[in-house]
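>
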Amino acid sequence: MATVEVTGLQKRYQDFLALDGVSLKAKTGQLISLLGPSGCGKSTTLRCLAGFLEPNGGDILVDGESIVSTPANRRGFGVVFQDYALFPHMTVAENVGYGLRLKRLPKGEIATRVYDVMKLVRLDGLDRRLPKEISGGQQQRVALARALVLQPRLLLLDEPLANLDARLRDEVRWLIRDVQQQSGITAFYVTHDQSEAMAMSDMVAVMKAGRVAQFATPREIYQKPTERYVADFTGEANFLPVSQVTGTGEGSYRIVVAGTDLEVTGVPDIPIGWDAELLLRPESLSLVAPDAGTFRGRVTKSAFLGAALHCEITLDDGDVLRLAADPNEQVSAEGKVGVAIDRSHAWLMPKVAP
Amino acid sequence: MTSSATTFANQRSVSFGFALLIVVLYIFLLAPLVAIVGSSFTQSLLIEFPPKGLSLRWYVEFFSRHDLVSGLIMSLRIGMITAIVTTVIAVMAGLAGRTLRGRLSGWFQVGMALPLLVPELLTAVGLLFFLYEIDLGKTVVGLQMGHILMSFPYAYVSISAALRQVPSSLEEASASMGATGWQTFRLVILPLVMPGVAMGAIFAFINSFDLYTISLLLKPLGGNTLPLALFDFLTYEFKPTAAAAATISIVLSLIGVALVQKLVGLQRAF
Ligand SMILES: Nc1ncnc2c1ncn2[C@@H]1O[C@H](COP(=O)(O)OP(=O)(O)O)[C@@H](O)[C@H]1O
Ligand SMILES: [Mg+2]
Numbered sequence: 016m017a018t019v020e021v022t023g024l025q026k027r028y029q030d031f032l033a034l035d036g037v038s039l040k041a042k043t044g045q046l047i048s049l050l051g052p053s054g055c056g057k058s059t060t061l062r063c064l065a066g067f068l069e070p071n072g073g074d075i076l077v078d079g080e081s082i083v084s085t086p087a088n089r090r091g092f093g094v095v096f097q098d099y100a101l102f103p104h105m106t107v108a109e110n111v112g113y114g115l116r117l118k119r120l121p122k123g124e125i126a127t128r129v130y131d132v133m134k135l136v137r138l139d140g141l142d143r144r145l146p147k148e149i150s151g152g153q154q155q156r157v158a159l160a161r162a163l164v165l166q167p168r169l170l171l172l173d174e175p176l177a178n179l180d181a182r183l184r185d186e187v188r189w190l191i192r193d194v195q196q197q198s199g200i201t202a203f204y205v206t207h208d209q210s211e212a213m214a215m216s217d218m219v220a221v222m223k224a225g226r227v228a229q230f231a232t233p234r235e236i237y238q239k240p241t242e243r244y245v246a247d248f249t250g251e252a253n254f255l256p257v258s259q260v261t262g263t264g265e266g267s268y269r270i271v272v273a274g275t276d277l278e279v280t281g282v283p284d285i286p287i288g289w290d291a292e293l294l295l296r297p298e299s300l301s302l303v304a305p306d307a308g309t310f311r312g313r314v315t316k317s318a319f320l321g322a323a324l325h326c327e328i329t330l331d332d333g334d335v336l337r338l339a340a341d342p343n344e345q346v347s348a349e350g351k352v353g354v355a356i357d358r359s360h361a362w363l364m365p366k367v368a369p
Numbered sequence: 083m084t085s086s087a088t089t090f091a092n093q094r095s096v097s098f099g100f101a102l103l104i105v106v107l108y109i110f111l112l113a114p115l116v117a118i119v120g121s122s123f124t125q126s127l128l129i130e131f132p133p134k135g136l137s138l139r140w141y142v143e144f145f146s147r148h149d150l151v152s153g154l155i156m157s158l159r160i161g162m163i164t165a166i167v168t169t170v171i172a173v174m175a176g177l178a179g180r181t182l183r184g185r186l187s188g189w190f191q192v193g194m195a196l197p198l199l200v201p202e203l204l205t206a207v208g209l210l211f212f213l214y215e216i217d218l219g220k221t222v223v224g225l226q227m228g229h230i231l232m233s234f235p236y237a238y239v240s241i242s243a244a245l246r247q248v249p250s251s252l253e254e255a256s257a258s259m260g261a262t263g264w265q266t267f268r269l270v271i272l273p274l275v276m277p278g279v280a281m282g283a284i285f286a287f288i289n290s291f292d293l294y295t296i297s298l299l300l301k302p303l304g305g306n307t308l309p310l311a312l313f314d315f316l317t318y319e320f321k322p323t324a325a326a327a328a329t330i331s332i333v334l335s336l337i338g339v340a341l342v343q344k345l346v347g348l349q350r351a352f
């Protein structure tokens, strides 16, 4: 139960700047995802929060107080590691009770609290097993229980599902989210899986080479990305080059795209002359008759995927759009088609954030 | 050898050749031991194999000789202190070495193994001068220091290997749950590396028990370790007492190995 404010965090490994001014804000009870490709600095950020790394610059405020000089063992944060980091020589119950034992609580109280939290994460009955005697999903839940039993102010999770198979991943993901919401713990969650980040988080920080490219709600990240990198990382996307961008008000523009004049919304204050693109998510596009719709082109590829027919359409001026059409749509390779766009889902953004 | 490409017949001949090699190796390693142990039970007055008759007279002789027994006691005492001290230092050095990264870590490893790389005689001579300089020349303490120095790399190699097996995330997890560095060491790291520590201690002991050159140069006046006492003994008499002494050393080593087995076997993890 804490607010967290990270400002201008920097971390240098020898001569490599791994974090170059990371800023984030978490309200009490929020789950914040750090999303980005491998090597962009997610773990480094989390490890600075946990106190395993000392940042070279910037500050971390928890409930308004700087914690950068507090050692990890006095921060009172729960950490869940990608490799679980269970103590192999202790039973499940000993692992979960480890932090309580360090606090020298009476044996009886330790036992009840361990029992309660093990029930919460559905581990009842496994207390006497060793970590190597339980499955990966169960190990992950032990790691979670071990962090939760101390009622941490902040829960930090570094790719907690990366080593689980797809089915378990789903199960543990919802467990984590449920427990986090029930207990109202503020949490930071590192992942490189965009669907995981979208589904679980209150806020998503998309990271790019040691910086936060965008920090916003999952909806905004998906629908209103600040640059191509963010849009690319958060799902299927079409990008059309645009010309003659004129601003017509705060965040609205008149543009020419594929030979057509359009009024669209977009990232506010794109500098004049800046390289911009129109983002069209596949689901905002639909196939229509050749003379209806905004664009005209030919279907150059199609693949039947059961729930949808994935089509690739080459527009008259050579640009390519991918979209998901009705699975029973009859498409022929030669025939012209029209593409209608849902303009409320078209989004103008800079190729690279200014 | 389990590659599916190799044929059955091929596998057979490879594993037969391999088995033969192992057998030859064992014969080569064990023959002297068998000879010395066997000849210690002889009734005759000479070290010979196979022994002539069976008796324990040379063991009786060994334990009735003051010079040999006091050598044995000296060796045992120095060996035990060596084992304890090197183990403690090696654990500390291992913990320190583990935090180093890259080239520094490599140099650290080399530094810790240095007593193995420098010829024993050179170390002994250097140490002799040094010990005289600090007024410890020809004292038990000086000899003890020499043994610790020479045995340290054996303990270090075993212990640092065990420490490297412990992922650093365990330490971080422990810290995140409120543990101090000492608590993490005592509750997490030490139990996990205990087999390696025990092994290191026993290596150090056996090595110390065996040291000759350095003991010869550093030994206190009037004091002898068992190898020195035996050598003195063999200079004047070639009696099976020496074989009995050697057998006792072998038995001590075996006890050490059995101890390691037991300690390692008792570990729940790894
Ligand atoms: N201990 C280290 N020493 C040197 N470079 C490191 C170290 N840890 C991480 N890095 C580098 O810092 C960058 C960010 O790493 P990390 O935060 O682990 O990325 P992520 O978790 O997003 O995959 C990577 O390029 C990585 O190679
Ligand atoms: Mg990572």
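One line per chain: the protein sequences are A and B, in this order.
Here this note's numbering runs 15 ahead of the position in the first sequence, where the first position is 1.
Here this note's numbering runs 82 ahead of the position in the second sequence, where the first position is 1.
Beta carbons: idealized from backbone N, C-alpha and C, even for Gly.
On the three-pair Cβ rule with 8 Å, is the region 233-250 of chain B touching the region 178-191 of chain B?
Yes, the region 233-250 of chain B touches the region 178-191 of chain B.
> Closer than 8 Å, Cβ to any Cβ of chain A: which residues of the region 264-283 of chain B, in chain order?
Under the 8 Å Cβ criterion, the region 264-283 of chain B contributes Gln265, Leu269, Val270, Pro273, Leu274.
> Specify the secondary structure class of tryptophan 189(A) as computed by DSSP and reduced to three states.
On the first sequence, position 174 is the one that residue 189(A) refers to. Helix, per DSSP.
> If you count every other CB in all the chains shown that lies within 10 Å of the CB of tyrosine 99(A), and 16 or more means buried, which is it?
Reading the first sequence from its first residue, position 84 is the one you call residue 99(A). Buried, by the Cβ-count rule.
> Return no unless some Cβ of chain B is closer than 8 Å to the Cβ of phenylalanine 31(A).
What you label residue 31(A) is simply residue 16 of the first sequence in a count that begins at 1. It does not: the Cβ of phenylalanine 31(A) has no partner Cβ on chain B nearer than 8 Å.
> If you count every other CB in all the chains shown that lies within 10 Å of the CB of lysine 239(A), and 16 or more means buried, which is it?
Translated into positions along the first sequence, residue 239(A) becomes position 224. Burial call: buried.
> Closest by CA to cysteine 326(A), which one among Lys134(A), Glu251(A), Val260(A)?
Working through the first sequence from its first residue, we reach residue 326(A) at position 311. It is Glu251(A).
> Can you tell me the Cβ-Cβ gap for glycine 228(B) and leucine 198(B), rounded? I've got them flagged as a contact below 8 Å.
Counted from its first residue, the second sequence places residue 228(B) at position 146. Counted from its first residue, the second sequence places residue 198(B) at position 116. Their Cβ separation, rounded to whole angstroms, is 14 Å, which puts glycine 228(B) and leucine 198(B) out of contact at 8 Å.
> Return yes when the Cβ of glycine 278(B) is within less than 8 Å of the Cβ of isoleucine 241(B), no when it is not.
Against the second sequence, residue 241(B) aligns to sequence position 159. Against the second sequence, residue 278(B) aligns to sequence position 196. Taking 8 Å as the Cβ cut-off, isoleucine 241(B) and glycine 278(B) qualify as a contacting pair.
> When burial is assigned at 16 or more other CB atoms within 10 Å of the CB, is alanine 165(B) buried or exposed?
What you label residue 165(B) is simply residue 83 of the second sequence in a count that begins at 1. Alanine 165(B) is buried by the Cβ-count criterion.
> Hey, does glycine 338(B) have any beta-carbon neighbour from chain A nearer than 8 Å?
In the second sequence, residue 338(B) corresponds to position 256, counting from 1. So no, glycine 338(B) is outside the interface.
> On the DSSP letters alone, give me the boundaries of the beta strand (DSSP E) that glutamine 229(A) sits inside.
Position 214 of the first sequence, counted from the start, is the residue given in the question as residue 229(A). Segment 226-231, the beta strand (DSSP E) holding glutamine 229(A).
> Which chain B residues are close to aspartate 131(A), counting only those with a beta carbon under 8 Å from its beta carbon?
Locating residue 131(A) in the first sequence gives position 116, where the first residue counts as 1. None at all; the shortest Cβ gap to chain B is about 17 Å.
> In terms of DSSP beta bridges, what is glycine 93(A) paired with?
The residue labelled residue 93(A) in the question sits at position 78 within the first sequence. Bridge partners of glycine 93(A): Leu170(A).
> In chain A, which residues lie with their C-beta within 7 Å of the C-beta of threonine 376(B)?
Chain B is shown from 83 up to 352; residue 376(B) falls before or after that span and cannot be answered.
> I believe valine 205(A) touches leucine 61(A) by the beta-carbon criterion, under 8 Å. Please report the beta-carbon distance rounded to the nearest angstrom.
Taking the first residue of the first sequence as 1, we reach residue 205(A) at position 190. Taking the first residue of the first sequence as 1, we reach residue 61(A) at position 46. Confirmed, about 5 Å.
> Whose CA, out of Gly281(A), Pro286(A), Pro256(A), Lys40(A), lies closest to the CA of threonine 275(A)?
As a first step, residue 275(A) must be located in the first sequence, where it is residue number 260. Of the candidates Gly281(A), Pro286(A), Pro256(A), Lys40(A), the one whose C-alpha sits nearest the C-alpha of threonine 275(A) is Pro256(A).
> Whole alpha helix (DSSP H) runs in the region 252-339 of chain B with 4 or more residues, listed along the chain?
Runs found: 263-266, 272-292, 295-300, 308-318.
> Does any C-beta atom of chain A lie closer than 8 Å to the C-beta of alanine 328(B)?
One-based indexing of the second sequence puts residue 328(B) at position 246. For alanine 328(B), the answer is no, since every Cβ of chain A falls outside 8 Å of its Cβ.
> Pair every Cβ in the region 296-305 of chain B with every Cβ in the region 107-116 of chain B, then say whether three or more of these pairs are closer than 8 Å.
At 8 Å Cβ cutoff, the stretches do not touch.
> Show which residues of chain B have a CB atom less than 9 Å away from the CB atom of glycine 93(A).
Residue mapping note: residue 93(A) aligns to position 78 of the first sequence, counting from 1. Going along chain B in sequence order, the residues near glycine 93(A) (Cβ under 9 Å) are Ser258, Met259.
> Considering only the alpha carbon of each residue, which of Arg139(B), Phe234(B), Leu128(B), Val96(B) lies closest to serine 290(B)?
As a working note, residue 290(B) is residue 208 in the second sequence. Here the closest residue by C-alpha is Phe234(B).
> Our contact map puts serine 258(B) next to glycine 199(A) with C-beta atoms below 8 Å; I'd like the distance itself, whole angstroms only.
In the second sequence, counting from the first residue as 1, residue 258(B) sits at position 176. In the first sequence, counting from the first residue as 1, residue 199(A) sits at position 184. Wrong, their Cβ atoms sit about 20 Å apart, outside the cutoff.
> Answer with buried or exposed for glutamine 154(A), where buried requires no fewer than 16 other C-beta atoms within 10 angstroms of its C-beta.
Counted from its first residue, the first sequence places residue 154(A) at position 139. Looking at its Cβ environment, which holds 16 or more other Cβ atoms inside 10 Å, glutamine 154(A) is buried.
> Identify each residue in the region 233-254 of chain B for which the Cβ-Cβ distance to at least one residue of chain A is less than 8 Å, and report them in chain order.
Listed in sequence order: Pro249, Ser251, Leu252, Glu254.
> Is DSSP giving glutamine 12(A) helix, strand or coil here?
There is no way to answer for residue 12(A), as the model of chain A reaches only from 16 to 369.
> By the DSSP assignment, the alpha helix (DSSP H) with tryptophan 363(B) in it spans what residues?
This structure cannot settle anything about residue 363(B), because the visible part of chain B is limited to 83 through 352.
> Can you give me the C-alpha to C-alpha distance between asparagine 88(A) and alanine 261(B), rounded to a whole angstrom?
Residue 88(A) sits at position 73 when you count from the first residue of the first sequence. Residue 261(B) sits at position 179 when you count from the first residue of the second sequence. Near 6 Å, if we compare the C-alpha coordinates of alanine 261(B) and asparagine 88(A).
> Taking the alpha-carbon of tryptophan 140(B) as reference, which of Gly338(B), Leu341(B), Phe320(B) has the nearest alpha-carbon?
Along the second sequence, one-based indexing puts residue 140(B) at 58. Out of Gly338(B), Leu341(B), Phe320(B), Phe320(B) has the C-alpha closest to the C-alpha of tryptophan 140(B).
> Helix, strand or coil: how does DSSP classify isoleucine 75(A) here?
The residue given as residue 75(A) occupies position 60 in the first sequence. Here isoleucine 75(A) sits in strand by DSSP.
> Helix, strand or coil: which one does DSSP assign to asparagine 253(A)?
Here residue 253(A) refers to the residue found at position 238 when the first sequence is read from its first residue. Correct three-state label for asparagine 253(A): strand.
> Sort Gly266(A), Arg337(A), Val271(A) by Cα distance to leucine 300(A) and report the nearest one.
Walking along the first sequence from the start, residue 300(A) turns up at place 285. Measuring from the Cα of leucine 300(A), the nearest candidate turns out to be Arg337(A).
> Report all residues from its chain with a CB closer than 6 Å to the CB of aspartate 378(A); omit the five preceding and five following residues, and keep chain order.
Missing from the structure shown is residue 378(A); chain A here goes from 16 to 369 and no further.
> Under a three-way DSSP split, which group does glutamate 69(A) fall into?
Taking the first residue of the first sequence as position 1, residue 69(A) is located at position 54. Note: glutamate 69(A) maps to coil in three-state DSSP.
> If you check the beta carbons only, do methionine 232(B) and threonine 266(B) fall under 8 Å apart?
Taking the second sequence and counting its residues from 1, one reaches residue 232(B) at position 150. Taking the second sequence and counting its residues from 1, one reaches residue 266(B) at position 184. Result no, Cβ atoms of methionine 232(B) and threonine 266(B) do not sit closer than 8 Å.
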